[in-house]
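So the structure is just underneath, and the comments pick up after that.
In this note's numbering, the protein residues as written are 258 to 952.
See the structure below:
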């Protein structure tokens, strides 16, 4: 027997099965939202992992293609590495849950979410978020839950909760909000330049709905919740803090950390740490946690100075942005490039244009997303932070930052009809000291303009930080946080947008949620900073997109043909279209509705390809003048090829004004001649003439 709990959520049934499956996990629920089914489990190790100074939480989101009735494509018919969507879903589950585990907890915890069935109108990502929270809350793992999450769309200026597939397609916003009982703990959004006040309205409408779900979760916990287990605390001993303060007084620590140069600060801390290691050489148990103790001492110092004295480590005012710089065209021969610098954060973005055939194909669970035309990739090499480590490809952080920038820029991209290109931007992190994801948005916006992509408006991004005190009213919001303020602060509130409105939000926090005044102030702060960056830096570097793509970028000619003639252009097994490509050196894409894109670098070759296609799809008419190559000679005449796969015949009597006995007397294979179409003969065949061209 198992226990079943149900509620109506946004017009659909949400059902939670407890003690039905996976009973050996610390907590497990089988989630049903409509016909979407996700198994969510929470497990923890019995003992803390040795030698670490962080909480080892792992979140997994496992997509099974059987959930949408598919077999994986390619040679390998088993699901491989996690898709980009799966990685992003793991991050969005992790962010609201991580702050609610005890700070001194070092046991390994894994949250597994297995997608087993997908109803396109009921998000499996949202179902997994709710399931992970419920499984952890009813388990014996220490967790200060529950939390709930809601997705919000904006259809014809009306808020829609947990939108269906059709509503998502029409929506101007894709917002996810997670909440505790009292506060908002996570925000993730993409939007079509939605005004700030509308975004705030949507956030707190979702927060209100989250409270109803939390009340529902409370009924499950009351009946099925386990007592939380005790654990071995890994907190730093108070006597160690006292000993450190004796050797390194607060004033000395303030002088060590308060500098605008990251390398100087790190060297100051290295010297202090070496001194402490020498002083505590006889106390091995202290040496094991010394690095964590020094970290916490720095944290307390920075937080106290910011909150009480409004003094930032680099001496800036609370609302001051670091020194800004921007330039374009620094990389030769690429299709577009731009570099954006903010303090010790520096990003270079390169834009590449290609035919639409090179858009990325997606083999995922969302039937509405089978490909994407715009791709943003973000790289974070170790040299950008003065470290050394081998490159092993993008991790979850790189994928997340790339997706955030991609989401921020999609709303301003031109349509495929306006600009028939696949677009890739790659952001290379040259230097990092806080909020490289937002710098990559600024650099990418300028790079797209430099490449001649007619984006609707420039997009800038900026991050706000937070330091809180003992009460909800004791806090300070910071503009443009650097790495130290991110590490030691309570929030990284990233907002990107245009002058008109917001295009993306991502909020990471380390505390148990934010109040409405904090969120409103953070959004207002980022709006002011974003406007400054757009007006004073980006627009002064490049004010609008270039009128044409660059010399090294492919050019595209678009034309429309009758869909019934697509087969004529393609030819049997692609013979005709491949012949045109080989002859002209262009790339050709044809869609099912007859839209043809001819892509090349040389204008003459593209024009020739267009001419050939026009001949192939045209119906021969009397009086039409054509040029063809002799491809076959018979006793009764010659066959001419006007375009690949498009042939006609000139009868021997129509070759010359004088009588000829043999076609070979005038024509040889390979000759290019001009003919006129005479219309249909008595047998209904199209007739051509060389001798009547002059008429």
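Beta carbons: idealized from backbone N, C-alpha and C, even for Gly. Bear in mind the structure is a predicted one, so any value in this text is a computation, not a measurement.
DSSP three-state assignment for residue i, whether helix, strand or coil
| i | result |
| --- | --- |
| residue 310 | coil |
| residue 315 | strand |
| residue 331 | coil |
| residue 388 | helix |
| residue 925 | coil |
| residue 654 | helix |
| residue 562 | helix |
| residue 875 | coil |
| residue 394 | helix |
| residue 457 | helix |
| residue 491 | coil |
| residue 603 | strand |
| residue 289 | strand |
| residue 305 | strand |
| residue 734 | strand |
| residue 521 | helix |
| residue 274 | strand |
| residue 299 | strand |
| residue 937 | strand |
| residue 947 | coil |
| residue 418 | strand |
| residue 628 | strand |
| residue 917 | coil |
Spatial neighbours of residue i in its chain, beta-carbon cut-off 6 Å, leaving aside the 5 residues before and after
| i | result |
| --- | --- |
| residue 936 | 879 |
| residue 913 | 923 and 948 |
| residue 931 | 884 and 950 |
| residue 705 | 608 and 712 |
| residue 926 | 887 |
| residue 339 | none |
Those residues which DSSP pairs with residue i across a bridge
| i | result |
| --- | --- |
| residue 374 | 294 |
| residue 548 | Paired residues: none, contrary to the question. |
| residue 593 | 608 |
| residue 762 | 446 and 752 |
| residue 912 | Residue 912 pairs with nothing; no bridge assigned. |
| residue 635 | 684 |
| residue 906 | 896 |
| residue 364 | 305 |
| residue 262 | 273 |
| residue 741 | Looking at the DSSP assignment, residue 741 forms no beta bridge with any residue, so it has no partner. |
| residue 584 | 596 |
| residue 679 | 611 |
Backbone CA spacing between residue i and residue j [nearest angstrom]
| i | j | result |
| --- | --- | --- |
| residue 650 | residue 869 | 44 Å |
| residue 388 | residue 295 | 8 Å |
| residue 519 | residue 724 | 20 Å |
| residue 361 | residue 312 | 8 Å |
| residue 776 | residue 457 | 8 Å |
| residue 484 | residue 495 | 29 Å |
| residue 445 | residue 349 | 8 Å |
| residue 641 | residue 600 | 13 Å |
| residue 506 | residue 515 | 15 Å |
| residue 425 | residue 796 | 33 Å |
| residue 719 | residue 861 | 45 Å |
| residue 645 | residue 493 | 29 Å |
| residue 301 | residue 809 | 55 Å |
| residue 942 | residue 815 | 32 Å |
| residue 488 | residue 309 | 16 Å |
| residue 953 | residue 859 | The chain is shown only over 258 to 952; residue 953 falls outside these bounds and no answer can be derived. |
| residue 408 | residue 680 | 28 Å |
| residue 283 | residue 381 | 22 Å |
| residue 322 | residue 370 | 14 Å |
| residue 542 | residue 535 | 14 Å |
| residue 656 | residue 346 | 11 Å |
| residue 673 | residue 416 | 28 Å |
Minimum Cβ-Cβ distance from residue i to chain B less than 8 Å
| i | result |
| --- | --- |
| residue 510 | Going by chain labels, chain B is absent from the structure shown, which holds only one protein chain. |
Nonlocal neighbours in the same chain, by C-beta distance under 7 Å from residue i, ignoring five residues either side
| i | result |
| --- | --- |
| residue 834 | 826, 827, 828 and 845 |
| residue 798 | 583, 584, 585 and 703 |
| residue 894 | 906, 907, 908, 909 and 920 |
| residue 577 | 736 |
| residue 501 | 533, 550 and 554 |
| residue 375 | 293, 324, 325, 381 and 622 |
Residues near residue i in its chain [Cβ-Cβ closer than 8 Å; skip 5 each side]
| i | result |
| --- | --- |
| residue 819 | 851 and 874 |
| residue 482 | 394 and 395 |
At 3 residues or longer, and completely inside the stretch 782-866: list those beta strand (DSSP E) runs for me, N to C. 812-817, 844-847 and 852-857, all fully within the stretch 782-866.
For the stretch 692-731, list the beta strand (DSSP E) runs that are entirely contained and at least 3 residues long, ordered along the chain. 717-725
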